[in-house]
Amino acid sequence: MPVAVITGAAGGIGTATSRVMAEAGFDLALIDRSEARPPGGAAGLGLACDLADPGSVETAFSAIADRFGAVDALINVAGINHRSPVAEMAVADWDRMMDINVGGMFLTAKFGLPLLERGAGKAVVNMASVSGHVATVDYPAYVTTKAAVESFTVALAQEAATRGIRVNAVAPGWVNAGFTDKALAETDDPDALHAAARDAHLLGRMAEPEEVARAVRWLASDKASFVTGQTLFVDGGFMRKH
Ligand SMILES: NC(=O)c1ccc[n+]([C@@H]2O[C@H](COP(=O)([O-])OP(=O)(O)OC[C@H]3O[C@@H](n4cnc5c(N)ncnc54)[C@H](O)[C@@H]3O)[C@@H](O)[C@H]2O)c1
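According to our numbering, the stretch in the sequence shown is residues 2 to 243, in order.
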């Protein structure tokens, strides 16, 4: 059975991705801050791991190596968001955003590439965002990390190609998941923000997490066998409105 490692597996997009990959016949190794359980009785391994901590990530991948021996798909979904203008942002908050959103992907690649080399699928999919292209006011750290995710994706695609490993990114617009819930909770006028978020897309609505997960599944599959170093926008036409 092929094996998929999914970070941020307890979150909105991560849960949907776990479900979709299980339906596609993958065994799951699920990484989150606390142990994530495979959905609907699917087979798998749940690992509590702080992606900002190199030792924690190394330990998680050692457990994955012991259990599965090889990995076919490494799917980096985990991320955090922090609302603060630059002038008011604590240095520690900036650093934590970089450590989790960008550093976490570096660490899973560093410890995951040897396992991917032994797998048959050989695909990495990183979660980017339209925010890497269209900055949102008061979220400077987030937009910076999401632009960096795409640069890292290209750099890793160049490096890993000789080992037969493809590396791509998915960039959603607004998704009906954890980040959007948090943004709605932080605003004084959630109805106005929800309406603006829907209106930001050509399709006039947000994505459901499964719509993002299906794009991840495609990039991780052999159907995308000649696709590497790319960002796939799953954004309901967001980028065509901006
Ligand atoms: N929801 C959206 O509108 C949207 C849009 C574009 C991109 N994204 C991206 O999709 C991803 C998931 O978003 P979501 O809405 O599902 O968010 P979410 O908050 O529901 O899920 C994020 C998950 O990452 C985990 N995580 C955070 N820090 C971690 C750490 N240090 N170690 C291990 N796990 C950690 C969290 O525990 C959580 O389960 C993020 O990378 C986000 O940037 C989301």
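Glycine residues also receive a C-beta, built at the ideal position from the N, C-alpha and C atoms. Note that the structure is a prediction, hence the values are computed from the model and not measured.
- Secondary structure at ILE81: coil, using DSSP grouped into helix, strand and coil.
- The shortest CA-to-CA distance from SER152 to any of VAL171, GLY165, THR137, ASP139 is the one to VAL171.
- Counting along the chain, the unbroken beta strand (DSSP E) around ILE32 starts and ends at 28 to 33.
- Beta-bridge pairing by DSSP links ARG167 to ALA124.
- PHE180: not part of any beta strand (DSSP E); member of the alpha helix (DSSP H) spanning 179 to 187, first to last residue.
- When Cβ pairs closer than 8 angstroms are counted between the two stretches, the stretch 208 to 215 is seen not to touch the stretch 187 to 198, the count staying below three.
- Straight across, the Cα-Cα distance linking ARG119 with MET99 is about 30 angstroms.
- Shortest Cα-Cα distance from SER19 to any of ALA43, ASP200, ARG167 involves ALA43.
- In this structure, ligand 1 has no non-hydrogen atom nearer than 7 angstroms to the beta-carbon of THR188.
- In the same chain as GLY237, and ignoring 5 residues on each side of it, the C-beta atoms closer than 7 angstroms to its own belong to GLY174, HIS202, LEU203, LEU204, ARG206, ALA208, in chain order.
- Per DSSP, GLY113 is one residue of the alpha helix (DSSP H) stretching across 105 to 119.
- In this structure, DSSP gives LEU46 an extended state, which the three-state scheme calls strand.
- Taking all protein chains in view, the Cβ of GLY9 is crowded by 16 or more other Cβ atoms within 10 Å, so the residue is classified as buried.
- In the three-state DSSP reduction, ALA74 falls in the strand class (E or B).
- Straight across, the Cα-Cα distance linking VAL150 with ALA136 is about 14 angstroms.
- In this chain, ILE65 is not harboured by any beta strand (DSSP E); it is covered by the alpha helix (DSSP H) spanning 55 to 69.
- Residue environment: MET2 is assigned as exposed (fewer than 16 neighbouring CB atoms within 10 Å of its CB, all protein chains considered).
- Residues ARG167, ASN169, LEU220 of the same chain have their beta carbon placed closer than 8 angstroms to that of VAL228, with the five preceding and five following residues left out of the count.
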